[in-house]
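K.L.:
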Ligand SMILES: NC(=O)c1ccc[n+]([C@@H]2O[C@H](COP(=O)([O-])OP(=O)(O)OC[C@H]3O[C@@H](n4cnc5c(N)ncnc54)[C@H](O)[C@@H]3O)[C@@H](O)[C@H]2O)c1
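In my numbering, the protein residues as written are 1283 to 1426.
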């Protein structure tokens, strides 16, 4: 993302309270003060907002507690924040837990991703120019 592009962006970062997401949020919020960043996280056992105490009050940062599987809520967030880009990191990511409870993995990682993709497609359908959707995931989702 170059500075000119970034400055007009309104970016939804999912899973921003997690391990990778909190570093991504902090980096982008500080590096692009004229862009807007919405951290969407359901604060599961893996999410910790204390990771982001140092940027919590930045004017270009908002936190929204939401489940990526909740299509109506996700659509509302896209509209309310006029989202122009997505960095999707929210996931069930602990492999041991995928063996103990595979249903929540499939729900979050597959249905949740589909929910975000569909909400983005609907929200951007009249103007796809410059819209970006990055999905950060893992081989359990992508395949080897
Ligand atoms: N950490 C690694 O070494 C690594 C390596 C390869 C790939 N990845 C992938 O990168 C992505 C992020 O990994 P991480 O280590 O930051 O994961 P993490 O488990 O630390 O964070 C995931 C975040 O997603 C949130 N979340 C979970 N379910 C949600 C839901 N239904 N709605 C909204 N938010 C939800 C959690 O609260 C948490 O904050 C994952 O897809 C993971 O598979 C991570």
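Think of the CB as a built atom: it goes at the ideal place given N, C-alpha and C, for glycine as much as any other residue.
Does residue 1305 pass the burial test, meaning 16 or more other C-beta atoms within 10 Å, or should it be called exposed?
P.N.:
exposed
K.L.:
Count Cβ pairs between the stretch 1302–1320 and the stretch 1389–1403 that sit closer than 8 Å; are there 3 or more?
P.N.:
As far as the Cβ criterion goes, the stretch 1302–1320 does not touch the stretch 1389–1403, which means the pair count is below three.
K.L.:
Using DSSP bridges, identify the partner residues of residue 1359.
P.N.:
For residue 1359, which the question treats as bridged, DSSP gives no partner whatsoever.
K.L.:
Below 8 Å CB to CB, which residues in the same chain sit around residue 1342 once its five sequence neighbours on both sides are set aside?
P.N.:
Once the five neighbours on either side are set aside, the close Cβ partners of residue 1342 are 1311, 1314, 1315, 1316, 1317, 1318 and 1319.
K.L.:
For the beta strand (DSSP E) that residue 1296 lies in, which residues bound it at each end?
P.N.:
1292–1296
K.L.:
Say yes only if the C-beta of residue 1275 is nearer than 7 Å to one or more non-hydrogen atoms of ligand 1, and no if none qualify.
P.N.:
In the structure as shown, the chain begins at 1283 and stops at 1426. Residue 1275 is therefore absent and cannot be evaluated.
K.L.:
Buried or exposed for residue 1291, going by 16 or more other Cβ atoms inside 10 Å?
P.N.:
buried
K.L.:
CB-CB under 6 Å to residue 1286, same chain, minus the five flanking residues each way: which ones, in chain order?
P.N.:
Confidence at residue 1286 is low in this model, with a pLDDT of 49, below 50, so the placement of that residue should be treated as unreliable; the coordinate-derived value is given next. Around residue 1286: no qualifying Cβ.
K.L.:
Taking contact to mean at least 3 C-beta pairs separated by less than 8 Å, is the stretch 1324–1336 in contact with the stretch 1395–1402?
P.N.:
Between the stretch 1324–1336 and the stretch 1395–1402 there are fewer than three C-beta pairs closer than 8 Å, too few to call the two in contact.
K.L.:
On the three-pair Cβ rule with 8 Å, is the stretch 1365–1380 touching the stretch 1293–1304?
P.N.:
yes
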